[in-house]
DNA sequence: TGAAATATGATAGTATTACTATTAGTTTTG
DNA sequence: CAAAACTAATAGTAATACTATCATATTTCA
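Residue numbers (UniProt numbering), protein chains in the order written: chain S, 1 to 224; chain G, 1 to 224.
The following block contains the structure:
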């Protein structure tokens, strides 16, 4: 298996930060509290001034780590997808039957997220809510092509391509492997959002979660 | 068939505007040029000041029609989904075989959009690009629940429920009818975006468009 | 027709945002 | 223990997202 399993540092593009936030106490506080604040007030209302205040520090100190809040969100997103990729790789490790491996990967990508206590300053369950509510906005911008060229979405695309590879192991003749993979990853976020805010257009309700079953049942019918 | 076929006025929640833009020359200019401007510069850079200038008018005049640019985008989105709903209803009219009717609806929802010359001040092909790039942002906000309660997303949900009804006609026993419908509507927008900006995670390329085939093939396998 | 109502355009003003720059103090490190 | 690096605080700028006011032009309808 790849080097991804060796350590718990996430793959994050260096151009996303000015100073690596994982290397200092203040940096980790910025990550921890930016997640909590964005979750609480939404990305549009979130500002570096408010973040500075909430960590007993200052706007200008936050700016020394991140150019702007968009880059910070890209950083948190990369962190998240890198963490998901790691969990996906780990969960499918040593699983030989391709279909079983695919199901396990889909479970990791579409299921509920629990906190990972190995990383104290990131609340993964909260970060997951941010990804559901805010991630799509990171690429729906006029700067996508330039930022994509700079590699800001590499980890996200890597997760999708990993899923695509597992799909290909099950049925290499299916003609839309990549679109199926990207549909599942994005669609799962969307269904989670709908279950919390638009219950009349999903079959899922707050507590009970069959989103994983929905995707597994569909992919079985599509590929087999 | 419903009253929707009787006239070409779109179903738009009255709380979305202060003064109905379809009732005046200036109002129609606001609609026409806001579409062109948002498409050109992206929603984040778009301002009422720039819009006023581009129509040879004034910021304050635009504010007399719309409270803010978010409401304007909600207005344009409602207009779009209302137009799609109308086209969907028309295209499936008098088509009896349920599967054929479903395929036709999916073609309307996932295919390329051409301008509708009956409405001079709306360039539907451009509005479609805006929906692909900006619509998702209209509901990924902290105000969703309140705005949903006010009915700002009724037309969108109506399109999805109409698709869900067509799915139920083909296979009423499928357990995830609504989620399948919402996945297709949102997923099609996403795949169109990917084909223009993230070619490594779709099977579709700029010119050639098989997005419709992707959804029809999948839904056949899922439902039959 | 002419007064009243309505619509538009222009300007000014406010609070907030998204920064940049500077400086002074504090902590780390070689 | 001196130099370097880091942090906090403050001030300042341009742009945004409005609100308010007023003058003028246009419409309407009595």
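Think of the CB as a built atom: it goes at the ideal place given N, C-alpha and C, for glycine as much as any other residue. Fair warning: this is a prediction, and the values are worked out from it, not measured in the lab.
>> With the cut-off set at 7 Å, would you say residue 107/S and residue 212/S are in Cβ contact?
In response: Contact flag set, yes.
> Closer than 9 Å, Cβ to any Cβ of chain G: which residues of the segment 166-177 of chain S, in chain order?
Replying inline: Per Cβ criterion, the list reads 175, 176 and 177.
> Does DSSP classify residue 1/G as helix, strand or coil?
Replying inline: No answer about residue 1/G holds up, because its pLDDT of 40 lies below 50 and its placement is not dependable.
> By Cβ distance, which residues of its chain are closer than 8 Å to residue 37/S, with the 5 residues on each side in sequence left out?
Replying inline: If we look at residue 37/S and ignore the five residues flanking it on each side, its Cβ neighbours are 46, 50, 51 and 54.
> CB-CB under 6 Å to residue 155/S, same chain, minus the five flanking residues each way: which ones, in chain order?
Replying inline: Taken in chain order, the residues that qualify are 11, 78, 81 and 82.
>> Please list, in chain order, the chain G residues whose beta carbon lies closer than 9 Å to that of residue 89/S.
In response: Chain-ordered listing is empty here: chain G has no CB closer than 9 Å to the CB of residue 89/S, the nearest sitting near 18 Å.
>> Since residue 25/G and residue 84/G should fall inside the 8 Å C-beta cutoff, what is the C-beta to C-beta distance between them, to a whole number of angstroms?
In response: About 26 Å separates the two Cβ atoms, so there is no contact after all.
> Quick one, are the C-beta atoms of residue 164/S and residue 177/S less than 7 Å apart?
Replying inline: In this structure, residue 177/S lies closer than 7 Å to residue 164/S by Cβ.
>> Excluding the 5 residues flanking residue 6/G on each side, which residues of the same chain have their C-beta closer than 7 Å to its C-beta?
In response: Legend: pLDDT at residue 6/G = 43, less than 50; position of this residue unreliable, value from coordinates given subsequently. Closer than 7 Å at Cβ, skipping near neighbours: no residue.
> Do you know how far the Cα of residue 59/G is from the Cα of residue 19/G?
Replying inline: The alpha-carbon separation between residue 19/G and residue 59/G amounts to approximately 15 Å.
>> So, under 8 Å CB-CB, residue 194/G and residue 182/S are touching, yes? Tell me the CB distance rounded to an integer number of Å.
In response: Taking C-beta atoms under 8 Å as the contact rule, residue 194/G and residue 182/S qualify, at a distance of about 6 Å.
> How many Å lie between residue 65/G and residue 152/G at the Cα?
Replying inline: Across the structure, residue 65/G and residue 152/G are spaced so that their CA atoms are roughly 17 Å apart.
> Excluding sequence positions up to five away, which residues of its chain have a Cβ less than 6 Å from the Cβ of residue 110/G?
Replying inline: Within the same chain, residue 110/G has close Cβ partners 188, 211, 212 and 215.
> Per DSSP, what kind of secondary structure is residue 39/G in: helix, strand or coil?
Replying inline: In this structure, residue 39/G counts as helix in the three-state DSSP scheme.
>> 7 Å is my cut-off, CB to CB: does residue 76/S come that close to chain G?
In response: With 7 Å as the cut-off, residue 76/S does not count as an interface residue toward chain G.
>> DSSP three-state label for residue 27/S, please.
In response: Assigned with DSSP and collapsed to three states, residue 27/S falls in helix.
>> Using a Cβ-Cβ distance cut-off of 7 Å, determine whether residue 191/S contacts chain G.
In response: Interface annotation, residue 191/S: in contact with chain G, CB-CB separation under 7 Å.
>> Please state whether the Cβ-Cβ distance between residue 125/S and residue 113/S is less than 7 Å.
In response: Yes, they are a contact pair.
> CA-CA distance, residue 185/G and residue 223/G?
Replying inline: If you take the alpha carbons of residue 185/G and residue 223/G, they lie about 17 Å apart.
> Going along chain G, which residues have a C-beta under 9 Å from residue 46/S?
Replying inline: Within chain G, not a single residue places a beta-carbon under 9 Å from that of residue 46/S; the smallest gap is close to 10 Å.
> Using the C-alpha atoms, what's the distance from residue 128/S back to residue 23/G?
Replying inline: Cα-Cα distance, rounded: 45 Å.
>> Does residue 102/G come out as helix, strand or coil in the three-state DSSP assignment?
In response: It is helical.
> How big is the Cα-Cα spacing for residue 17/S and residue 102/S?
Replying inline: The straight-line gap separating the alpha-carbon atoms of residue 17/S and residue 102/S is approximately 34 Å.
>> Let me check understanding here. Comparing Cα to Cα, which of 206/S, 97/S, 121/S and 200/S lies closest to residue 169/S?
In response: Considering only alpha carbons, the answer is 97/S.
> Any idea if residue 134/G is buried or exposed, counting beta-carbon neighbours within 10 angstroms, 16 or more meaning buried?
Replying inline: Label assigned to residue 134/G: buried.
> Where does residue 179/G sit, in a helix, a strand or coil, going by DSSP?
Replying inline: In this structure, residue 179/G counts as helix in the three-state DSSP scheme.
> Taking Cβ positions, are residue 76/S and residue 138/S nearer each other than 7 Å?
Replying inline: Cβ distance not < 7 Å, so residue 76/S and residue 138/S don't count as in contact.
>> Taking the beta carbon of residue 141/G as the centre, do at least 16 other beta carbons fall within 10 Å, making it buried, or is it exposed?
In response: Buried, by the Cβ-count rule.
> In its own chain, which residues sit with a C-beta less than 8 Å from the C-beta of residue 29/S, not counting the 5 before and 5 after it?
Replying inline: If we look at residue 29/S and ignore the five residues flanking it on each side, its Cβ neighbours are 55, 57 and 121.
>> If I follow the unbroken alpha helix (DSSP H) through residue 52/S, where does it start and stop?
In response: Taken as a continuous stretch (DSSP letters only), the alpha helix (DSSP H) holding residue 52/S covers 48-54.
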